[in-house]
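Step one of this worksheet: look at the structure below.
Residue numbers (this note's numbering): 27 to 416.
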């Protein structure tokens, strides 16, 4: 494994017996400078400017180290899980071993009714960046020469550079640790007579749509006994707290800040439903985590959540206009608040789907099959030689 030096302490704690197999790329002054400056500009703009400078520096250092490891350790296959963007160029090419890239997930834009969230400067930079990536991917052909490209969905597949020679395989990037994210003994319907407890988990940034969620919750609160807990932190928290006061919801909406995974799992088990009104969600792992905990999900019918949810296990809300989205979000929340039976049905179906399709153990088996395929395509070793390392 090649990782950033800034993750050394965390990885050492997580994998104490694997220290000799983890190599670290140092954080340079350029990385640190780009990180500091990037905090003061919109996240999407930062991704294509200062953050990209830092990523490129890290990838070049990782390439140099990876080439040496391929030679010294007779590496059979390289897996590059990042960047997840299908358009961002990769410098891992002609490495002496087949390269598997992904799962990638991207090719997204805001829903047409919400394009103004980008701002003019961000929209221009993103458009220029996507246009430039066409040329750069020809000059830096990592993605075009990769042996296998893993993509989360058709949208991402269509965003890959033209001329990729490798096999493209659909594989969602998210999975669930079912030993952590699991239901308790209490069904999603909850004790009779208690308020319906809605939960949001995520960064507090504008494109997560929490301001729209608060407007929708106000409508629900007028009809049902309900509460909303917001887990996460970010640049919009102060504005959202002021919005709660303005809407007169201070007694029913709580902000819990950033919480650990184990604590988020506990909060999901305490809730009746998760609501994710994000307008720019490529993935949405929290959707799978809620489903694994046996909790129904309301999410935006746009981007990543549509890969995981359908009407058998959740409620998807189209983002056609701001007012329509708020109203339909409120209708979906009201449906769950007023029907314990619907909550229980969606919960069962969601849990069954996660166990069947998104258990990390099954995903690991699939990844090993993909490694074997990449190696076989280059004729280096037989499949059984790889599978013995499971």
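From the three backbone atoms N, C-alpha and C, an ideal C-beta is built for every residue, glycine too.
Annotated three-state conformation of residue 78 is helix, per DSSP. Note that the C-beta distance between residue 305 and residue 186 is not below 9 Å. Per the coordinates, the alpha-carbon of residue 49 lies some 5 Å from the alpha-carbon of residue 28.
Burial check for residue 343: the Cβ neighbour count within 10 Å reaches 16 or more, so the residue is buried. Within a 10 Å sphere around the beta-carbon of residue 169 sit 16 or more other beta-carbons, which makes this residue buried. Taking C-beta separations shorter than 6 Å and ignoring five residues to either side along the sequence, the partners of residue 105 in its chain run 126, following chain order. Rounded to whole angstroms, residue 220 and residue 61 show a C-alpha spacing of 45 Å.
When DSSP assignments are scanned along the stretch 195-263, the uninterrupted stretches of beta strand (DSSP E) that are 3 or more residues long and fall wholly within it turn out to be 222-227 and 252-257. Counting along the chain, no alpha helix (DSSP H) covers residue 280; the unbroken beta strand (DSSP E) around it starts and ends at 279-283. Close CB contacts of residue 191 within its chain, under the 7 Å cut and outside five residues either way in sequence, are with 170 and 171 (chain order). Scanning 131, 324 and 249 for the CA closest to the CA of residue 180 turns up 131. The Cβ atoms of residue 173 and residue 193 lie closer than 9 Å to each other.
Between residue 195 and residue 175, the C-beta spacing is below 9 Å. Between the beta-carbon of residue 352 and that of residue 238 there is about 5 Å, and that keeps the pair under the 8 Å contact cut.
Here residue 313 has 300, 302, 323, 325, 330, 331, 334, 335 and 340 as same chain residues with Cβ atoms under 8 Å from its own Cβ, once five neighbours each way along the sequence are excluded. Its chain contains 121 and 122 as the residues whose beta carbon lies nearer than 8 Å to that of residue 93, once the 5 sequence neighbours on both sides are disregarded; these appear in chain order. Per DSSP, the unbroken beta strand (DSSP E) holding residue 49 starts and ends at 49-51. The residues 85, 86, 89, 166 and 168, in chain order, have a CB closer than 7 Å to that of residue 117 in the same chain once the five nearest residues on each side in sequence are set aside. The continuous stretches of beta strand (DSSP E) do not include residue 366, which lies in the alpha helix (DSSP H) extending over residues 366-383.
Using a Cβ distance threshold of 9 Å, residue 321 and residue 225 count as a contacting pair.
For the pair of segments examined, the stretch 383-398 was found not to touch the stretch 269-278: the number of CB pairs separated by less than 8 Å stays below three. Your pair residue 210 and residue 295 checks out as a contact, with CB atoms roughly 5 Å apart and the cut at 8 Å. Taking C-beta atoms under 8 Å as the contact rule, residue 201 and residue 228 fail to qualify, at a distance of about 18 Å.
Per the Cβ contact rule, the stretch 233-252 is in contact with the stretch 362-371 (3 or more Cβ pairs under 8 Å). Note on geometry: alpha-carbon atoms of residue 36 and residue 43 lie some 13 Å from one another. In the three-state scheme derived from DSSP, where H, G and I count as helix and E and B as strand, residue 193 is classed as strand. Counting every other CB atom within 10 Å of its CB across the protein chains shown gives residue 317 a total of 16 or more, marking it as buried. Listed as beta-bridge partners of residue 130 by DSSP are 177.
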